[in-house]
Amino acid sequence: MNVLIIGSGGREHSLAWAIAASPLLGELFCAPGNGGTATLASNVALDASDHKAIVEFCHDRSIDLVVVGPEAPLVAGLADDLMAAGIKVFGPSKAAAQLEGSKAFTKTLCRDNDIPTAAYAHVSSAGEAKAYVAQCGAPIVVKADGLAAGKGVFVAQTVDEANNAIDICFSGEFGEAGAEVVIEDCLVGEEASYFALTDGKSILPLATAQDHKRIFDGDEGPNTGGMGAHSPAPVMTDAMCTRVMDEIIRPTVDAMAHAGTPYVGVLYAGLMIADEGPQLIEYNVRFGDPECQVLMMRLRSDLLPALVATADGQLANFDLRWRDDKALTVVLATQGYPGDYEKGSVIRRLDEAGSDGNVEIFHAGTKLQDGRTLACGGRVLNVTARGKTVGEARTRAYEAIKQIDWPEGYWRTDIGWRAIEREESPS
Ligand code: AMP
Ligand code: GLY
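Heads up, the sequence shown is in our numbering, so the first residue is -7 and it goes up one at a time.
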């Protein structure tokens, strides 16, 4: 099979790594890819928003499956355009991608199907929004309805902060994405992520993970795309996973099918595990980044047939095997991220750092130039390790990082701290 992966992050490198190991694979392409995918696949300079060019490339290169990494092309209807051209695609249609593309869409689906989530209001003017905040008080969460590259969510501790967030959303800063706003109760508990494949009818649970969104140790400072992750999430016991499936995932998949917009792809539920049980914070219509990297490190089975079975509606009776090991990934970012940062610094000694059989270094914002690896993004590398415990995986990851020569890099030193605390003093 010839496969094209769309995207350029650590998620896409880890997907390429898993797919490259499949005996079913013919040629692998990644568009646009990065310095890491370049070692496993042919990187091609295709623009994800140019659906026509992608369809032409697929016809020219006899692509049998397109795997779409990020959400934006899915929300823009890339899967629909590929399917219309007779090309198999892993990823939901535009209508089904509304689960991530519109917070109000998902809140309505939750309300109509009794899916546990925070109480909310959907508003389309600043006046309406502020009146609702005045009525509820703080803390409260303000969210731009549409895609805002992870910047459209404000967890406001005071009414003033909430009003400020409302002004930002309606100022046009997020374009159309901020023209409507969801305001919801602030949930309390422990966050975790749950991933499942679905072909629109059958659901195959994958695994759980937790990420660290804040830039600094101790989960302090501004939000980022994610500075590290580990899998599984200790808070996601078997009993909790069963509840998530029964109360959240299954009703969602059934409701989407019932509406005539079946959801096909990987469904990523962002959850708050509260005293009363799991609550849905949000859906994502793709693998998480960097959560995908830890999932791929733990997957024992061939990923490619699972993606094909999902796209083909053949997930019933399909199964995947996982390693008992835990996995952890540390993101190395360019100093300055998530603010401004320099591009073009040289990263050395990556081969030495990645020589442990339990360590994989997935690239994100890198490119290869004249045999050198250059940093060209905010999040640059994901040093990912397996271990019998999260603690062992963490030790391996940080040992590997010590060998990397990249003075311009920054990383957190406490990835996995909550899980490791639990391992060290189980309650
Ligand atoms: P989202 O982009 O929806 O994942 O939101 C980003 C982050 O904001 C989440 O990972 C949570 O940490 C936080 N968040 C979002 N909604 C809520 C909520 N209702 N209560 C508490 N925290 C929230
Ligand atoms: N790491 C969070 C996300 O992929 O949305």
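Where is the CB? At the ideal position from N, CA and C, for every residue including glycine. This one's a predicted model, so the numbers in the text were calculated from it and none came from an experiment.
Pick out whichever of C161, E176, G138 has its Cα sitting closest to the Cα of Q149. The candidate whose alpha carbon is nearest that of Q149 is E176.
Supposed contact pair M228 and A184 - C-beta distance, whole angstroms, cut 8 Å: So it is a contact: roughly 5 Å between Cβ atoms.
Where I207 and A325 are concerned, what is the direct C-alpha to C-alpha distance, given to the nearest angstrom? Taking the straight line from one Cα to the other gives about 10 Å.
Could you give the residue range of the alpha helix (DSSP H) that holds N156? Counting along the chain, the alpha helix (DSSP H) containing N156 begins and ends at 151 to 162.
Could you pull the DSSP bridge partners for Q271 from this structure? Per DSSP, M264.
Is the closest heavy atom of ligand 2 to the C-beta of E283 under 7 Å? For ligand 2, at least one heavy atom lies less than 7 Å from the Cβ of E283.
Between the Cα of I55 and those of A71, L20, K44, spot the shortest distance and give me the residue it belongs to. Measuring from the Cα of I55, the nearest candidate turns out to be L20.
For ligand 2, I want to know if G280 counts as a neighbour, meaning its beta carbon is within less than 7 Å of at least one of the ligand's heavy atoms. Answer for G280: yes, Cβ within range of ligand 2.
Compute the minimum distance between the beta carbon of N276 and the heavy atoms of ligand 2, and state whether it is under 7 Å. Under cutoff, so the answer is yes.
Check each candidate in V322, L196, N276 and name the one with the smallest Cα separation from R242. Considering only alpha carbons, the answer is L196.
With a threshold of 7 Å, establish whether the CB of D211 neighbours any heavy atom of ligand 4. This structure lacks ligand 4; the ligands present are ligand 1 and ligand 2.
Within a Cβ cutoff of 6 Å, which residues of the same chain sit near A33, ignoring the five residues on either side of it in sequence? Contacts found: A8, L20, F21, C22.
Would you call D203 buried or exposed, if buried means 16 or more other Cβ atoms sit within 10 Å of its Cβ? Buried is the call here.
heavy atom of ligand 1 below 7 Å from A110 C-beta: Checking the Cβ of A110 against ligand 1 gives yes.
Say whether the stretch 276 to 291 touches the stretch 245 to 253, bearing in mind that this needs 3 or more beta-carbon pairs closer than 8 Å, one atom from each stretch. These segments do not touch.
Indicate whether V180 and K95 have their beta-carbon atoms separated by less than 8 Å. No, the Cβ-Cβ distance between V180 and K95 is not below 8 Å.
Would you mind sorting V338 into buried or exposed? The rule is 16 or more other CB atoms within 10 Å of its CB. A residue is called buried when at least 16 other Cβ atoms come within 10 angstroms of its Cβ; V338 does not meet this threshold and is exposed.
Three CB pairs or more closer than 8 Å across the stretch 389 to 406 and the stretch 65 to 75: With a cut-off of 8 Å, the stretch 65 to 75 and the stretch 389 to 406 do not count as touching, because too few Cβ pairs lie within range.
Comparing alpha-carbon positions, which option in A121, A10, L342 lies nearest T358? Taking only the C-alpha atoms, the option nearest T358 is L342.
Outcome for Q127 when other beta-carbon atoms lying within 10 angstroms are tallied against a minimum of 16: By the neighbour-count criterion, in which a residue is buried when 16 or more other Cβ atoms sit within 10 angstroms of its Cβ, Q127 is exposed.
Whole-Å CB distance - K335 paired with T381, under 8 Å assumed: With 8 Å as the limit, K335 and T381 do not qualify as a contact, their Cβ atoms being about 37 Å apart.
Tell me, please, whether the stretch 396 to 415 touches the stretch 304 to 323 by the rule of three or more beta-carbon pairs shorter than 8 Å. Result yes; three or more Cβ-Cβ pairs closer than 8 Å.
Do you know offhand how far M237's Cα is from D191's? Rounded to whole angstroms, M237 and D191 show a C-alpha spacing of 15 Å.
Length of the line joining the Cα atoms of A89 and V277: For A89 and V277, the distance between alpha carbons rounds to 6 Å.
Check whether the Cβ of M264 lies closer than 8 Å to any Cβ atom in chain D. You won't find chain D in this structure, because it holds only one protein chain.
Near C50, which residues of its chain fall below 6 Å by C-beta distance, leaving aside the five closest residues on each side in sequence? So the qualifying residues of the chain are I79.
Three-pair Cβ contact test at 8 Å for the stretch 130 to 139 versus the stretch 291 to 299: They do not touch, by the three-pair rule.
How many Å lie between P84 and M248 at the Cα? Distance from the CA of P84 to the CA of M248, rounded to the nearest whole angstrom, comes to 11 Å.
What are the residues that DSSP puts in a beta bridge with A325? Answer by DSSP bridge pairing, in chain order: R371, Y402.
Tell me whether G218 counts as near ligand 2, meaning its Cβ is closer than 7 Å to at least one heavy atom of that ligand. Under cutoff, so the answer is yes.
Using a Cβ-Cβ cut-off of 6 Å (strictly less than) and excluding sequence neighbours within five positions of Y124, which residues of its own chain qualify? The beta carbon of Y124 sits closer than 6 Å to those of A113, I175, all from its chain and outside the five residues before and after it, given in chain order.
Return the residue from the list G61, P224, Y329 that minimises the CA-CA distance to L259. The shortest C-alpha separation from L259 is found at G61.
Leaving out five residues before and five after G213 in sequence, what residues of the same chain have Cβ atoms less than 6 Å from its Cβ? Excluding positions up to five away in sequence, the list reads R206, I207.
Bridge partner(s) assigned by DSSP for R206: R206 has N215 as its beta-bridge partners, per DSSP.
Cβ separation of S(-2) and A40, assumed to be a contact under 8 Å, to the nearest whole Å: Checking the displayed sequence, the identity of residue -2 turns out to be Ile instead of Ser. About 5 Å separates the two Cβ atoms, so the contact holds.
Return the CA-CA distance between E4 and E283, expressed in angstroms with no decimal places. Counting only the Cα atoms, E283 lies some 11 Å from E4.
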